[in-house]
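Quick note, the sequences are listed as chains A and B, same order.
Take any residue in the first sequence, count from 1 to its spot, add 91: that is its number in this note's numbering.
Take any residue in the second sequence, count from 1 to its spot, add 24: that is its number in this note's numbering.
Here a beta-carbon is modelled for each residue, glycine too, at the ideal position from N, C-alpha and C.
Okay, so here's the structure we're looking at.
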Amino acid sequence: MIRFDKVTKQLGGRNVLDELSFEIQKGEIFTIVGPSGTGKSVTLKHMVRLLTPTRGSVWIDGTEISAANGSGLDRVRERFGYLFQGGALLGWMSVAENIALPLREKTRLTEDEIGARVTDALRAVGLEGDGGKFPSEISGGMQKRAGLARAIVNRPEIVLYDEPTSGLDPVTARTIDQLIKRLNEELGITSVVVSHDLQGALLIADRIAMLTGGKFVEVSPPEKFVATAQPDVRSFLDAQFISKKGLAGM
Amino acid sequence: MITREPVYTDEPDNALTGIWRSVVLGVGDIGRAGSLTVQALAGIPALFAAGRRRHEWARQMFLMGIKTLPVISVVGMFTGMILGLQVGLELRRFNQEIYIGSAVMVSLLREMGPFMTGLILAACVGSSMAAQIGTMTVNDEIAALEIMSISPVRFLMAPRMAAMVVMTPVLSFYTCVLGVIGGGIVGVTQLNVPLDQYISMAMDFARMRDLYVGLLKALVFGVVITGVSCYEGFTTTQGAVGVGQATRRSVITSFLLILVLGYIITRLFYDL
Ligand SMILES: Nc1ncnc2c1ncn2[C@@H]1O[C@H](COP(=O)(O)OP(=O)(O)OP(=O)(O)O)[C@@H](O)[C@H]1O
Ligand SMILES: [Mg+2]
């Protein structure tokens, strides 16, 4: 469904991505982990052509999105929901208006239908009752959840989550993980999750990829991922106290 | 994509290649800013077709008025007073003070009114436009709009453009009116020109053509300020520092363009 073909991206005079190639299947939850500043957000941005590869190409089904433009690009982007790392809500609109924005601008739903969908989305991320507040009046974690509600309110086929759980308390973080899992199971949403939080990744991911030095040094299902001998992955796992046997109770 | 990826090139080997590269980048900037401006202008009719965006247009006009009214009142008044004083002192040497009204009126309508209005709007409105859109860019908000296939040009720039196109001529006219009042105050109190003479001289020399050319100038300034400021905002990179730079560049570029275009328009409409 999403395929990177030898993608190299130069930023700031260095190769942030270096001939990165991989493919994500339809209906999969694909998690990308890795240290800060390795290019996880950069990878996600390539999937919707917010960044264009220096070399190589990115494919969404049969379309080369890295070369798409105009209405062709719009058609591909309409299939995506994107949760940005900082939430990226518009400051002069209330939370509910932010979430309603893609519906108002891009669909012909009536105001009642939009209201109902917004309420559902707010409830799903645990923000019922906060719809009337402005982004500057709520915490960073709440902004992130509102951004998540906006990303899914349009019922996209593919959702890209940039650190959906960082900055959240553990309980809310698990709720969000569960939400990602539920959207994936019930609606068949293909999900790409960028995360620091390996525990969450191990619980929900179908495959986990570790990005270091512009490449995936390991791509495997959770049980194989925790058992790997790859040194970068091992030190990443050890730092989060995850042993070869995986999480307790997994 | 409307936002810009940072441009990295090798350090230029010598001054000449450095200058050449700035020229190439500069021409590219002018082209892209110009195309954004045209797109924003083309997006204005759609604004009035969709009811919701009209609200945004009204809000922008209101904000522009509120932000600039106090300072523009003072500036308009004092521009007229300074003009009146300077011209009046010269005219007095020839005992021609009665012409002060016409001198003030003509220079305000043709040049000083739109010019002062342009500078103030660039400083008050253009800078905050660049800062606001620049902040949205570095916070991924522009990117979020693009993902939702909502054109940032139509959504953000067109309402600002529409507001500016209306507000610059209106405010320019207001500056002229206050300037004429200011000139009158100086003329009557300092130079002892009778009020009725000041008014009749001012009105005799006020030609419609001067008014139109002045308002056209103001309108062009409004388009330029919006184009420059939004372009700087959309192409902001590198976080908060970048927002500061975008704001500064938008003001400087607007000032320079206002000067140059003001001259060109005057030259086009008045034969030597
Ligand atoms: N617009 C840009 N200009 C210059 N360099 C950039 C830009 N965007 C990203 N980079 C560089 O690319 C690298 C990867 O950035 P990215 O945001 O993808 O990191 P990340 O893996 O998402 O990290 P984090 O976990 O902290 O979010 C960083 O070293 C950063 O300096
Ligand atoms: Mg990131």
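Alpha carbons only, please: which of the options is nearest the one belonging to residue i?
i, options, result
"Asp-346 (chain A)", "A:Leu-102, A:Ala-187 and A:Tyr-173", "Here chain A has residues from 92 to 341 only, and residue 346 (chain A) is not among them."
"Ala-92 (chain B)", "B:Ala-82, B:Glu-121 and B:Gly-150", "Note on identity: in this sequence residue 92 (chain B) is Thr, with Ala being the wrong assignment. Nearest C-alpha to Thr-92 (chain B): B:Gly-150."
"Phe-175 (chain A)", "A:Phe-121, A:Ser-230 and A:Ala-242", "A:Ala-242"
"Ile-280 (chain A)", "A:Gly-161, A:Gly-128, A:Lys-136 and A:Tyr-173", "A:Tyr-173"
"Gln-221 (chain B)", "B:Ala-230, B:Gly-208, B:Arg-233 and B:Arg-231", "B:Gly-208"
"Gly-206 (chain B)", "B:Leu-132, B:Thr-141 and B:Ser-278", "B:Leu-132"
"Phe-179 (chain B)", "B:Gly-104, B:Ile-43, B:Met-160 and B:Ala-226", "B:Met-160"
"Thr-210 (chain A)", "A:Pro-226, A:Ser-230 and A:Asn-189", "A:Asn-189"
"Gly-125 (chain B)", "B:Val-210, B:Leu-281 and B:Gly-266", "B:Val-210"
"Lys-306 (chain A)", "A:Gly-103, A:Val-133 and A:Ile-93", "A:Val-133"
"Gln-290 (chain A)", "A:Glu-277, A:Glu-314, A:Ser-282 and A:Arg-273", "A:Glu-314"
"Ala-292 (chain A)", "A:Asp-268, A:Val-324, A:Trp-150 and A:Gly-130", "A:Asp-268"
"Ile-115 (chain A)", "A:Thr-129, A:Leu-108 and A:Ile-151", "A:Ile-151"
"Val-130 (chain B)", "B:Asp-228, B:Gly-142 and B:Leu-243", "B:Asp-228"
"Ile-96 (chain B)", "B:Ile-249, B:Tyr-287, B:Val-194 and B:Arg-233", "B:Val-194"
"Lys-272 (chain A)", "A:Ser-112, A:Leu-111, A:Asp-96 and A:Ile-120", "A:Ile-120"
"Gly-177 (chain A)", "A:Ser-257, A:Ala-318, A:Val-317 and A:Arg-298", "A:Ser-257"
"Arg-184 (chain B)", "B:Gly-50, B:Ala-66 and B:Val-267", "B:Ala-66"
DSSP three-state call for residue i: helix, strand or coil?
i, result
"Trp-150 (chain A)", "strand"
"Tyr-173 (chain A)", "strand"
"Tyr-294 (chain B)", "coil"
"Ser-131 (chain B)", "helix"
"Gln-156 (chain B)", "helix"
"Val-284 (chain B)", "helix"
"Asn-106 (chain A)", "strand"
"Arg-199 (chain A)", "coil"
"Glu-314 (chain A)", "helix"
"Leu-93 (chain B)", "helix"
"Phe-332 (chain A)", "coil"
"Glu-204 (chain A)", "helix"
"Asn-38 (chain B)", "coil"
"Arg-77 (chain B)", "helix"
"Arg-166 (chain A)", "helix"
"Asp-164 (chain B)", "coil"
"Lys-224 (chain A)", "coil"
"Val-209 (chain A)", "helix"
"Gln-269 (chain B)", "helix"
"Lys-117 (chain A)", "coil"
"Ile-123 (chain A)", "strand"
"Phe-95 (chain A)", "strand"
"Leu-111 (chain A)", "strand"
"Gln-84 (chain B)", "helix"
"Thr-260 (chain B)", "coil"
"Gln-63 (chain B)", "helix"
"Ser-326 (chain A)", "helix"
"Gln-321 (chain A)", "coil"
"Ile-276 (chain B)", "helix"
"Gly-340 (chain A)", "Because Gly-340 (chain A) sits at a pLDDT of 47, beneath the cut-off of 50, its placement in the model cannot be relied upon, and the following sentence gives the value as read from the coordinates. DSSP places Gly-340 (chain A) in coil when its eight states are reduced to three."
"Glu-155 (chain A)", "strand"
"Gly-217 (chain A)", "coil"
"Ile-174 (chain B)", "coil"
Tell me whether residue i counts as near ligand 1, meaning its Cβ is closer than 6 Å to at least one heavy atom of that ligand.
i, result
"Gly-103 (chain A)", "yes"
"Ser-132 (chain A)", "yes"
"Ser-131 (chain B)", "no"
"Val-107 (chain A)", "yes"
"Ser-46 (chain B)", "no"
"Ser-148 (chain A)", "no"
"Ser-127 (chain A)", "yes"
List, in order along the chain, the chain A residues whose C-beta lies closer than 9 Å to that of residue i?
i, result
"Ile-174 (chain B)", "Leu-192, Pro-193, Glu-196 and Lys-197"
Name the chain B residues that come within less than 7 Å of residue i, Cβ to Cβ?
i, result
"Asp-165 (chain A)", "Ser-173"
"Gly-177 (chain A)", "Asn-163 and Asp-164"
With respect to 6 Å, is the separation between the Cβ of residue i and the closest non-hydrogen atom of ligand 2 below this value?
i, result
"Gln-234 (chain A)", "no"
"Gln-176 (chain A)", "yes"
I want to verify the contact list: residues of chain B whose CB lies under 8 Å from the CB of residue i, in sequence order.
i, result
"Glu-169 (chain A)", "Ser-173"
Whose Cβ in chain E lies nearer than 7 Å to the Cβ of residue i?
i, result
"Leu-181 (chain A)", "Protein chains in the displayed structure are A and B, and chain E is not among them."
In chain B, what lies closer than 9 Å to residue i by C-beta?
i, result
"Tyr-252 (chain A)", "None at all; the shortest Cβ gap to chain B is about 13 Å."
Measuring from the CB of residue i, is there a heavy atom of ligand 4 at a distance below 6 Å?
i, result
"Val-98 (chain A)", "Questions concerning ligand 4 fall outside what the structure shown contains, since the ligands it does hold are ligand 1 and ligand 2."
Beta strand (DSSP E) segments (min. 3 residues) lying fully within the stretch 190 to 232 of chain B: none
Beta strand (DSSP E) runs contained entirely in the stretch 258 to 308 of chain A, provided each spans 3 or more residues: Listed in chain order, the complete beta strand (DSSP E) runs (minimum 3 residues) inside the stretch 258 to 308 of chain A are 281 to 285 and 298 to 303.
Note down, one range per segment and in chain order, each alpha helix (DSSP H) of at least 4 residues found wholly within the stretch 103 to 150 of chain B. 124 to 131 and 137 to 145
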